[in-house]
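Each remark here refers to the structure printed beneath this line.
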Amino acid sequence: DVKVTQSSRYLVKRTGEKVFLECVQDMDHENMFWYRQDPGLGLRLIYFSYDVKMKEKGDIPEGYSVSREKKERFSLILESASTNQTSMYLCASSSGDTYNEQFFGPGTRLTVL
Amino acid sequence: AQSVTQLDSHVSVSEGTPVLLRCNYSSSYSPSLFWYVQHPNKGLQLLLKYTSAATLVKGINGFEAEFKKSETSFHLTKPSAHMSDAAEYFCVVVAYTGKLIFGQGTTLQVKP
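If you're matching them up, the sequences are chains A and B in order. According to the working numbering, the first sequence is numbered sequentially starting from 2. According to the working numbering, the second sequence is numbered sequentially starting from 469.
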């Protein structure tokens with residue numbers, strides 16, 4: 002079974018802090034994604050990556066950056082956390098063709114105070 | 469541009485009765501469509517997917533969905549709800565870029 006793990010289930014940070022969210026997948030998938038999930042808005046794509054050291058902006062990249070130094074690991078970075086970044090963050094991965102199923106991690110619920 | 473609309477934010481059914489979760493899509497070409505389910509405190513799991521083969525798609529846990537091009541719909545159904553079906557359900561259209569576009573989600577409540 003594909004397994005996507007995220008470093009924290011719950012995280013509480015202060016406004017202005019730098020925040021790192023880590024995601025690791027164990028199935029050698031080429032593609033990795035970061036989404037945020039907010040009530041009534043579904044999931045919105047922040048950034049994605051098709052290969053190591055490669056990144057593409059999604060629909061809501063402002064205030065975020067990413068890093069992919071190894072194939073299995075994709076990090077989301079909040080350079081200076083703000084209260085409007087309080088949300089559930091979901092990582093996903095998929096193989097080859099992007100029309101394939103994406104496999105999701107359990108999510109990190111981030112609260113910025 | 470592709471988009472997807474889930475017509476109900478909340479659906480409540482009694483255990484043993486049918487489930488209908490409605491989804492309409494907009495696409496300038498024949499799309500690929502998914503349904504995902506998210507149980508409380510869990511990640512999203514793929515229920516089923518349509519990729520231009522049979523229009524009636526069967527998924528896990530007794531769910532199925534029918535692709536209707538004339539109605540631009542991809543409604544999710546199950547003949548008999550179980551308590552374990554209580555979750556949030558997302559309809560997804562695959563954009564021409566390969567990105568997934570999610571609907572707003574439908575929360576399914578199952579009453580005993």
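All C-beta atoms, glycine included, are put in the ideal place defined by N, C-alpha and C.
If you check the CB distance, Leu12/A and Thr109/A come in under 7 Å. Rounded to the nearest angstrom, the gap between the Cα atoms of Gln38/A and Leu44/A is 5 Å. Annotated three-state conformation of Thr523/B is coil, per DSSP.
Against chain A, the CB of Gln572/B has a partner CB under 7 Å away; the residue lies at that interface.
Within the same chain, and ignoring the five residues on either side of Thr575/B in sequence, the residues whose Cβ sits closer than 6 Å to its Cβ are His478 and Glu556. The shortest C-alpha to C-alpha distance from Ala549/B to any of Pro580/B, Gln474/B, Gly573/B and Glu539/B is the one to Pro580/B. Residues of the same chain with a CB within less than 6 Å of the CB of Asn101/A, apart from the 5 flanking positions on each side, are Ser95 in chain order. Contacts with chain A at 7 Å (Cβ-Cβ) do not include Gly527/B.
Shown in chain order are the members of the stretch 36-65 of chain A whose Cβ falls below 7 Å from a Cβ of chain B: Gly41, Leu42, Gly43, Leu44 and Leu46. Under the Cβ criterion of 7 Å, Glu73/A is not counted among the residues facing chain B. Put simply, the CB of Gly97/A is far from chain B, with every gap to its CB atoms at 7 Å or more. Contact annotation, Phe34/A with Leu46/A: C-beta distance approximately 6 Å; criterion of less than 8 Å satisfied.
Within chain B, the residues placing a beta-carbon under 8 Å from that of Glu102/A are Phe502, Leu514 and Lys517, ordered along the chain. Distance from the CA of Pro508/B to the CA of Phe531/B, rounded to the nearest whole angstrom, comes to 19 Å. In chain order, Gln103 make up the part of chain A whose C-beta sits under 7 Å from the C-beta of Leu568/B. Nearest C-alpha to Thr540/B among Asn492/B, Asp476/B and Leu488/B: Asn492/B. In the DSSP secondary-structure assignment, Met33/A is bridged to Ser50/A and Ser94/A.
Put simply, the stretch 497-513 of chain B does not touch the stretch 74-82 of chain A. Fewer than three CB pairs are less than 8 Å apart. Contact note: Phe558/B reaches chain A through Gly43 and Leu44, using a C-beta cutoff of 8 Å and chain order.
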